[in-house]
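Below: one structure, written as structure tokens.
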Amino acid sequence: MTVPLRAAIIGTGAIAHAHAEAIAALAPRVELAAVVDVDADRARTFAERFGAATVHSEVDALLAERPDLVHICTPPQTHVPLAVRALRAGIPVLVEKPTALSLAEMDELVAVSRETGVPALTVFQHRFGEAAQRLMRLRDEGVLGRPLVAVCETLWYRSADYFDLPWRGRWDVEGGGPTMGHGIHQFDLLLAVLGSWRRVSAVAARQALPTDTEDVSMALVEFDSGALASVTNSIVSPREVSRLRFDFEHATVEVEHLYGYADADWVFTPAPGHEDLAERWSAESSTADAAATSSHRSQLGAILDAFATGREPGVAADDARRTLEFAAATYASAFRGMPVRAGDITPGDPFYRSMDGGAVPWPAVKGATA
Numbered sequence: 001m002t003v004p005l006r007a008a009i010i011g012t013g014a015i016a017h018a019h020a021e022a023i024a025a026l027a028p029r030v031e032l033a034a035v036v037d038v039d040a041d042r043a044r045t046f047a048e049r050f051g052a053a054t055v056h057s058e059v060d061a062l063l064a065e066r067p068d069l070v071h072i073c074t075p076p077q078t079h080v081p082l083a084v085r086a087l088r089a090g091i092p093v094l095v096e097k098p099t100a101l102s103l104a105e106m107d108e109l110v111a112v113s114r115e116t117g118v119p120a121l122t123v124f125q126h127r128f129g130e131a132a133q134r135l136m137r138l139r140d141e142g143v144l145g146r147p148l149v150a151v152c153e154t155l156w157y158r159s160a161d162y163f164d165l166p167w168r169g170r171w172d173v174e175g176g177g178p179t180m181g182h183g184i185h186q187f188d189l190l191l192a193v194l195g196s197w198r199r200v201s202a203v204a205a206r207q208a209l210p211t212d213t214e215d216v217s218m219a220l221v222e223f224d225s226g227a228l229a230s231v232t233n234s235i236v237s238p239r240e241v242s243r244l245r246f247d248f249e250h251a252t253v254e255v256e257h258l259y260g261y262a263d264a265d266w267v268f269t270p271a272p273g274h275e276d277l278a279e280r281w282s283a284e285s286s287t288a289d290a291a292a293t294s295s296h297r298s299q300l301g302a303i304l305d306a307f308a309t310g311r312e313p314g315v316a317a318d319d320a321r322r323t324l325e326f327a328a329a330t331y332a333s334a335f336r337g338m339p340v341r342a343g344d345i346t347p348g349d350p351f352y353r354s355m356d357g358g359a360v361p362w363p364a365v366k367g368a369t370a
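When we follow UniProt numbering, the leftmost residue of the sequence shown carries the number 1, and every step to the right adds one.
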């Protein structure tokens, strides 16, 4: 009988429920061994609901249990410090987005992961849906032809009271607005499909919400492949939608969903003369799990598979860094009014130390900024 992997959760707030539900859905391959939270009552209630064996009030006590994987589900400013503690204890981590508040923090995490040889993983679950995996296989085979044009839209809505929590809408605690906390899932999948980006030209604004951060950003992106893309991140859009469209030489592949897609949310349109590709897409889609979504479960399942076979699980910190650099470049371009190339933001740049770069063109409304 296979011994289940022992998972632990740090922070039992809202997003932790998605992690615990993923762990429960993948039983008996994995079990929830322990939780910790600064709110003892919330931690106990959470543990009782999801069957955690032990509840702790201190992170060190949880790490002393030597779990096989620690899920970090705390507010963003604590992600890297907690991840580093776990890595130095020899325990792999799965960190909620955004992984870090800055490229400086991200590079610290990458360095500690390399030094210890312990995986530091980021939650980018949209990469692991069956349709996205199929798209990337077809891309790798070259049957779709060159990528030409892409559109990436996260058009969501958040009311003013969403920001009543003191850590929301602040550069120093949350790292940024929808570019960091909402659209990052969609443009991470965009980058996973299209590869290395070359240059970003962006704008950002605070249109309506009581935040220090932006509530909308828009970017035009050039990729090393020559592909061009537009990326919109908004939390002022009443009709909410998440949309990705990829135009290759031989097909258009697109998805429209909100917080997680199923296989049925994808549409495949072949270019004339390439109808065989649509037939293949349809045939492979017909064998997919119709109920499966691009969820924490899909990514955790892939991580468990990687652990079981000795492969490197995704999404590793050095890979996640590319996505975080894209966010930093979006802010730097928007606030400086000029294009930013990949690699431009180096340790001497203010945007390396914080996403606002000390250059936000509107006044703060929530207090301290980075």
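Glycine is no exception: its CB is placed at the ideal position from the N, C-alpha and C atoms.
Treat the numbers as computed from the prediction; the structure is a model and nothing was measured.
- Looking from the CA of E222, the closest CA among V241, T232, P238 and R199 belongs to R199.
- Rounded to whole angstroms, the separation of the alpha carbons of G90 and T116 is 7 Å.
- In chain order, V340, I345, F351 and G357 place their CB closer than 7 Å to the CB of A332, counting only its own chain and leaving out the 5 sequence neighbours on each side.
- For D172, the enclosing alpha helix (DSSP H) stretches over residues W171 to E174.
- Look at R239 here: in three-state DSSP terms it is strand.
- In the three-state DSSP reduction, M355 falls in the coil class, being neither helix nor strand.
- Here the C-alpha atom of G129 lies approximately 15 Å from the C-alpha atom of R243.
- Following the DSSP letters along the chain, one finds M218 inside the beta strand (DSSP E) bounded by residues V216 to F223.
- It is roughly 24 Å from the alpha-carbon of H274 to the alpha-carbon of A192.
- Between L277 and H250, the gap from beta carbon to beta carbon is short of 8 Å.
- If the five residues before and after A53 are omitted, its C-beta is found closer than 6 Å to the C-beta atoms of A33, all from its own chain and listed in chain order.
- Sequence-distant partners of V36 (beyond 5 residues in either direction) whose C-beta falls short of 6 Å from its own C-beta, in its chain, are I10, H56, V59 and L62.
- Residues L69, V118 and P119 of the same chain have their beta carbon placed closer than 6 Å to that of P92, with the five preceding and five following residues left out of the count.
- If you draw a straight line from the Cα of M355 to the Cα of F248, it is about 32 Å long.
- Looking at the DSSP output, F268 sits in a beta bridge with V253.
- DSSP lists no beta-bridge partner residue for R127.
- According to the DSSP assignment, L148 belongs to the beta strand (DSSP E) that extends over P147 to Y157.
- Between W167 and the set A131, T74 and Q125, the nearest pair of CA atoms involves T74.
- The Cβ-Cβ distance between S234 and W362 does not fall below 8 Å.
- By the neighbour-count criterion, in which 16 or more other beta carbons inside 10 Å mark a residue as buried, Q207 falls on the exposed side.
- In this structure, DSSP gives H71 an extended state, which the three-state scheme calls strand.
- Fully contained in the region 77-111 are the following alpha helix (DSSP H) runs of length 4 or more, in chain order: 79-88.
- Here I345 carries a coil assignment [DSSP, helix/strand/coil].
- For M218 and V143, the gap between their C-alpha atoms comes out near 31 Å.
- The C-beta distance from A24 to F50 rounds to 6 Å, short enough to fall under 8 Å.
- When rounded, the separation of the alpha-carbon atoms in A291 and L109 is 35 Å.
- Inter-residue distance for V216 and V231 is about 11 Å (C-alpha atoms, whole angstroms).
- Rounded to whole angstroms, the gap between the alpha carbons of H182 and T323 is 13 Å.
- L304 places its beta carbon 8 Å or farther from that of L121.
- Within the region 15-79, the runs of beta strand (DSSP E) at least 3 residues long that lie entirely inside it are, in chain order, 30-36, 54-56 and 69-72.
- Under DSSP, S282 shares a beta bridge with no residue.
- Where L5 is concerned, the enclosing beta strand (DSSP E) starts and stops at L5 to I10.
- Ranked by Cα distance from A14, the options T252, S225 and L165 are led by L165.
- Counting along the chain, T232 sits inside the beta strand (DSSP E) bounded by residues L228 to S234.
- The shortest C-alpha to C-alpha distance from D265 to any of H126, V203 and E96 is the one to H126.
- Its chain contains P119 and A306 as the residues whose beta carbon lies nearer than 8 Å to that of E312, once the 5 sequence neighbours on both sides are disregarded; these appear in chain order.
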